[in-house]
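Those letters in the sequence shown? Residues 1 to 372, by the UniProt record's numbering.
We put the beta carbon where it would ideally sit given N, CA and C, even for glycine.
Source: prediction; values computed, not measured.
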Amino acid sequence: MTGAASTQKKVKIGLLLPYSGTYGMLGTSVDRGIRLAIEQRGSKLGGRDVEFVVVNSEANPGKAVSNMQKLISAEKVDFVVGPIHSGVAMAALKVARQTGTILVIPNAGLNVATRELCAPNIFRTSFSNWQPNYAMAKPAYDQGYRRIVTISWRYAAGTEHLGGFEEEFKRHGGQIVKQILVPFPSVDFQTYLTEIASIKPDAVYTFFGGGGAVKFIQDYADAGLKGKIPLLSTGFLTESLEGLGNRADGIRTTLHYADDLDNKYNIAFRKAFKDRYNDEAGVYAVQGYDSGLLLIRAMEAVKGDTSNQAALIEAMRKVKFQDSPRGPWTMSKAHNPIQNIYMSEVRGGKNVMVGTAAKALDDPATGCKMAK
């Protein structure tokens with residue numbers, strides 16, 4: 001297709017997100033974020049109308065290849081935005097690498113996406129699993145913690161999240177006295193909490209998300225560990241605090257976004273999101289919003305012309321996010337955010353930002369040829 005012809009058709013964006021099941025709310029939040037960003041700019045990309053093609057990924061890795069092929073071969077989308085789940089992302093990455101289709105990952109943090117499996121047409125607007133966990137290690141050590149127990153589910157994301165923390169904590173001189181891996185997706189934590197109580201570590205570092213996070217916080221408090229053994233994690237643990245009362249109070253977390261970030265872009269974004277959807281924005285909505293900003297800026301730079309993919313990819317790589325709700329960030333050579341990681345503490349049942357754990361943190365991009 002010629003440049004002139006490609007600027008007359010609608011831009012087709014495939015949304016490969018979960019709209020049902022455990023990750024349904026996450027997919028909906030990303031969807032709302034990207035739509036809000038594009039609506040705020042006249043519902044156009046580079047002067048062209050936009051059409052969204054929605055596919056429910058069901059967070060099912062087994063359907064990921066066929067879902068990607070449907071979007072690329074049948075629907076002929078210009079971009080795919082997704083997925084949420086790292087298992088789905090692994091399959092989506094392979095199809096994107098084979099076809100050259102531009103893939104924007106708005107959540108899945110699997111490290112290899114911007115390491116060994118990095119590619120010019122693959123971008124991530126969220127985080128690597130390494131980033132927020134690495135950022136907690138030095139603050140934990142500086143707090144005087146020396147002996148820590150880590151606990152998560154036994155699956156790829158769990159071990160990657162724990163690994164990011166463990167590696168750096170040990171580098172500072174700390175000791176991981178025990179790593180506990182719970183069969184996924186079990187939320188029967190009692191036996192493990194009894195074991196932790198008997199070990200008496202200085203602190204516990206954990207990764208759980210969704211319903212598992214809520215249950216872990218409840219059980220941790222009910223087992224009498226709250227207030228005795230400090231609990232540390234990433235912000236995914238405390239994403240949903242409703243119904244927990246004061247059980248979560250005192251938990252410290254690190255994440256690339258904080259609800260109460262005091263910058264004008266975050267304040268405006270949260271108001272616009274609430275006005276549009278009658279719901280509070282969180283980190284997933286921000287990641288969707290920034291995915292929208294990435295497409296908006298790049299398409300403006302190429303004047304809506306998607307026929308020259310090399311120019312489009314170069315434009316995406318150069319986008320600077322000065323007006324992101326999470327604060328300013330840039331895209332690394334491996335196409336992963338170089339971003340601040342914030343420290344929050346739960347106080348009175350709410351996440352309260354207490355500082356910046358790491359400034360402009362870049363993932364190591366180990367094994368990515370583009371990063372050399």
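Sheet register partners of residue i (DSSP bridge)
i      : result
Pro337 : Met331
Gln40  : Answer is none; Gln40 lacks a bridge partner.
Glu345 : Arg252, Val352
Ser152 : Leu181, Phe207
Val80  : Gly14, Leu103
Phe321 : Trp329
Leu361 : Gln339
6 Å Cβ shell around residue i - same chain, five flanking residues per side excluded
i           : result
Gly109      : Phe127, Ser128, Asn129
Val354      : Met343, Glu345
Tyr257      : Val283, Val286, Arg326
residue 389 : Absent from the model: residue 389. The displayed extent of the chain is 1 to 372, so no value can be given.
Tyr205      : Ile148, Thr150, Phe165, Leu232
Phe236      : Gly209
Ala197      : none
Tyr145      : Asp202, Ala203
Gly47       : Gly304
Val302      : Ala311, Leu312, Ala315
Asn356      : Contrary to the premise, residue 356 reads as Thr rather than Asn in this sequence. Taken in chain order, the residues that qualify are Asn340, Tyr342.
residue 373 : The chain is shown only over 1 to 372; residue 373 falls outside these bounds and no answer can be derived.
residue 374 : In the structure as shown, the chain starts at 1 and stops at 372, and residue 374 therefore has no counterpart that could be examined.
Glu300      : Gly46
Thr330      : Lys320, Ile338
Same chain only: Cβ atoms within 8 Å of residue i, ignoring 5 sequence neighbours per side
i      : result
Ala96  : Met68, Val80, Ile102, Leu103, Ala119, Asn121, Ile122
Lys170 : Ile176
Cys368 : Thr114, Arg115, Glu116, Cys118, Lys333, Ala334
Leu156 : With the sequence shown as reference, residue 156 is identified as Ala, and Leu is not the correct amino acid for it. Once the five neighbours on either side are set aside, the close Cβ partners of Ala156 are Ser86, Gly87, Leu110.
Pro61  : His85, Gly87, Val88, Met90, Ala91
Lys44  : Ile38, Val50
Gln40  : Ala272
Lys76  : Lys12
Ala371 : Cys118, Ser332, Lys333, Ala334, Ala365
Environment of residue i [buried if 16+ CB atoms lie within 10 Å]
i           : result
Thr191      : exposed
Ile341      : buried
Asp305      : buried
Thr366      : exposed
Glu242      : exposed
Ile313      : buried
Ala360      : exposed
Asn246      : exposed
Phe184      : exposed
Ser86       : buried
residue 373 : Absent from the structure is residue 373, since the part of the chain shown begins at 1 and ends at 372.
Ala268      : exposed
Arg32       : buried
Ala74       : exposed
Ile199      : exposed
Glu195      : exposed
Arg154      : exposed
Asp363      : buried
Gly42       : exposed
Gly212      : buried
Gly227      : exposed
residue 407 : Outside the shown range of the chain (1 to 372) lies residue 407, about which nothing can therefore be said.
Ser66       : exposed
Glu168      : buried
Spatial neighbours of residue i in its chain, beta-carbon cut-off 7 Å, leaving aside the 5 residues before and after
i      : result
Arg347 : Asp249
Val54  : Leu15
Leu193 : Asp219, Tyr220, Ala223, Leu225
Thr99  : Ile72
Met316 : Phe123, Leu294, Ala298
Phe52  : Ile13, Leu15
Glu280 : Lys274
Rounded distance between the beta-carbons of residue j and residue i, thought under 8 Å
i           : j      : result
Val187      : Lys215 : 4 Å
Ser324      : Tyr265 : 6 Å
Thr238      : Pro132 : That belief does not hold up - the Cβ atoms of Thr238 and Pro132 are roughly 12 Å apart, past 8 Å.
Tyr29       : Gly288 : Reading off the sequence, residue 29 comes out as Ser, not Tyr. Indeed, because the Cβ distance is near 6 Å, the residues count as touching under 8 Å.
residue 376 : Phe321 : Nothing can be reported for residue 376: it is not among the residues displayed for the chain, which extend from 1 to 372.
Lys10       : Asp49  : 5 Å
Ile84       : Ala59  : 6 Å
Tyr141      : Gly174 : 5 Å
His161      : Ala137 : Their Cβ separation, rounded to whole angstroms, is 12 Å, which puts His161 and Ala137 out of contact at 8 Å.
Asn351      : Asp262 : Not a contact, Cβ separation roughly 14 Å.
Ala64       : Ala358 : Contact flag wrong, Cβ pair sits at about 32 Å.
Gly349      : Leu255 : About 18 Å; that fails the 8 Å criterion.
Ser152      : Phe189 : Contact doesn't hold; Cβ gap of about 11 Å is too wide.
Beta carbon proximity, residue i to chain C, threshold 8 Å
i      : result
Lys350 : Checking the listed chains, one finds no chain C in this structure; it contains a single protein chain.
Curious, which full-length alpha helix (DSSP H) runs of at least 4 residues does the segment 215-287 contain? Whole alpha helix (DSSP H) segments, 4+ residues: 264-277.
At which residue ranges does the segment 6-76 contain complete alpha helix (DSSP H) runs of 4 or more residues, listed in the order of the chain? With a minimum length of 4 residues, the continuous alpha helix (DSSP H) runs that stay inside the segment 6-76 are 24-39, 64-69.
Which complete beta strand (DSSP E) runs does the segment 113-175 hold, if anything under 3 residues is left out? Counting whole runs of 3 or more residues, the segment 113-175 contains the beta strand (DSSP E) stretches 122-124, 147-153.
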